[in-house]
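Engineer:
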Amino acid sequence: DGKQVPKDFLHINDFDKDTIMKILNRAIEVKAMIKSGDRSFQPFKGKSMAMVFAKPSMRTRVSFETGFFLLGGHAVYLGPDDIQMGKREETRDVARVLSGYNDIIMARVFAHQDILDLAKYAPVPVINGLTDYNHPCQIMADALTMIEHIGRIENTKVVYVGDGNNIVHSWLLLAAVIPFHFVCACPKGFEPDAKTVEIARSAGSKIEITNDPKEAVKGADVVYTDVWASMGQKEEAEYRKQVFQGFMVDEALMEMAGPKAFLMHCLPAERGVEVTDGAIEAPNSIVFPQAENRMHAQNAIMLHVLGA
Ligand code: CP
Ligand code: NVA
5 DGKQVPKDFL HINDFDKDTI MKILNRAIEV KAMIKSGDRS FQPFKGKSMA MVFAKPSMRT
65 RVSFETGFFL LGGHAVYLGP DDIQMGKREE TRDVARVLSG YNDIIMARVF AHQDILDLAK
125 YAPVPVINGL TDYNHPCQIM ADALTMIEHI GRIENTKVVY VGDGNNIVHS WLLLAAVIPF
185 HFVCACPKGF EPDAKTVEIA RSAGSKIEIT NDPKEAVKGA DVVYTDVWAS MGQKEEAEYR
245 KQVFQGFMVD EALMEMAGPK AFLMHCLPAE RGVEVTDGAI EAPNSIVFPQ AENRMHAQNA
305 IMLHVLGA
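Residues 5 to 312 in our numbering are what the sequence shown lists, from first letter to last.
(1) Does DSSP classify S67 as helix, strand or coil?
(2) What are the uninterrupted segments assigned as alpha helix (DSSP H) that are 4 or more residues long and contained completely in the region 55-136, given in chain order?
(3) Under DSSP, the beta strand (DSSP E) around M144 begins and ends at which residues?
(4) Flag Q142 as yes when its Cβ comes closer than 8 Å to any non-hydrogen atom of the ligand NVA, and as no otherwise.
(5) Report all residues from its chain with a CB closer than 6 Å to the CB of Y81; omit the five preceding and five following residues, and keep chain order.
(6) Let me know the secondary structure DSSP gives M268 once reduced to three states.
(7) Would you give the residue range spanned by the beta strand (DSSP E) that V162 belongs to?
(8) Start and end of the beta strand (DSSP E) containing T229?
(9) Consider the C-beta atom of H78 and the heavy atoms of the ligand CP; say whether any pair is separated by less than 8 Å.
(10) Distance, Cα to Cα, D5 vs L28?
(11) Hey, is T245 close to the ligand NVA, as in C-beta under 8 Å from one of its heavy atoms?
(12) Check the DSSP bridge columns for I211 and list the partner residues they point to.
(13) Taking buried to mean at least 16 other C-beta atoms within 10 Å of its own C-beta, is Q246 buried or exposed?
(14) Does DSSP put F292 in a helix, a strand or coil?
(15) Any heavy atom of the ligand NVA closer than 8 Å to the CB of V231?
(16) With H, G and I counted as helix, E and B as strand and the rest as coil, what does DSSP make of V279?
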């Protein structure tokens, strides 16, 4: 639709629907190959990736490193104490130096501006591995998981219960590309960014922001939740536990959602806080296939940005 083709993967709505679906179909294809034990597809042979983490991670770190390796490449992990982007060295310097050694940069940062700066100054593709604003790789994995379990994204009802955070923003940016019904049930004062809500609405998706999780979940295809205090907000955790009373996803809420509802969570989960142990361990919980799909979705994202 006339959008400029970006070298980076920073926001889902930087791409048109065709491209997003192509990436997801590629993920299905390469996943089948990897799961079959076939290791003959080595498109990243001789390539290296720098992975910059300003925050902790299990899924993002391991899925990117293992995924890049399985397709022939070598990934370098740089933890919060290594680069100290913006502290020890300016982001624009980090961008150009890492681009001299690597074919691709993946980064997890605090301020969204940091990933924009990194992408602006790096001649190589930059992949967003989560910022305070969004988490596009997570939602690509979630979309892949929905295709596998529900058969589609379009015309589904996804109900997110909890904090209107980076995960919600990425759901909204997916809704700006593929039309579906997205509901965010959050306490007053914890709504997602209004501009991002508007981007999704003006693209034609039905978006509802509500404070009533019980009403919201009715008829959902997916009930989704995430921690109430994100990385960088952990000192607010106790206060948030008070404010978020009534927003825990438990078996009773899943019952209200109805028989077709799957439970999804990007993980890490705090059982007994935003979600119960029983809800996570229930048969309709797909959180572990969802986590595994991080790797497969990202492999396809890396193939896309590297033109491989
Ligand atoms: N879901 C997710 O991004 O997990 P990590 O923080 O462990 O990478
Ligand atoms: N909203 C969470 C997601 C973790 C994957 C955070 O930013 O900490």
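Just so you know, even glycine gets a beta-carbon here, dropped at the ideal spot from N, CA and C.
Structural biologist: In short, the structure shows the following:
(1) Residue state, collapsed to three classes: helix.
(2) Complete alpha helix (DSSP H) runs here, min 4: 63-74, 95-105, 116-125.
(3) In the DSSP annotation of this structure, M144 is not part of any beta strand (DSSP E); the continuous alpha helix (DSSP H) holding it starts and ends at 140-153.
(4) Yes, since a heavy atom of the ligand NVA falls inside the 8 Å radius drawn around the Cβ of Q142.
(5) Taken in chain order, the residues that qualify are M55.
(6) DSSP places M268 in the strand class (E or B) of the three-state scheme.
(7) First-last of the beta strand (DSSP E) with V162: 161-165.
(8) Taken as a continuous stretch (DSSP letters only), the beta strand (DSSP E) holding T229 covers 226-229.
(9) Relative to the ligand CP, even the nearest heavy atom lies 8 Å or more away from the CB of H78.
(10) Confidence at D5 is low in this model, with a pLDDT of 48, below 50, so the placement of that residue should be treated as unreliable; the coordinate-derived value is given next. D5 and L28: Cα-Cα distance of roughly 19 Å.
(11) Reading the sequence as shown, one finds Lys at residue 245 and not Thr. Relative to the ligand NVA, even the nearest heavy atom lies 8 Å or more away from the CB of K245.
(12) I211 is bridged to F186.
(13) The residue in question, Q246, is exposed, as its Cβ has fewer than 16 Cβ neighbours within 10 Å.
(14) Correct three-state label for F292: helix.
(15) The nearest non-hydrogen atom of the ligand NVA is less than 8 Å from the C-beta of V231.
(16) Here V279 carries a strand assignment [DSSP, helix/strand/coil].
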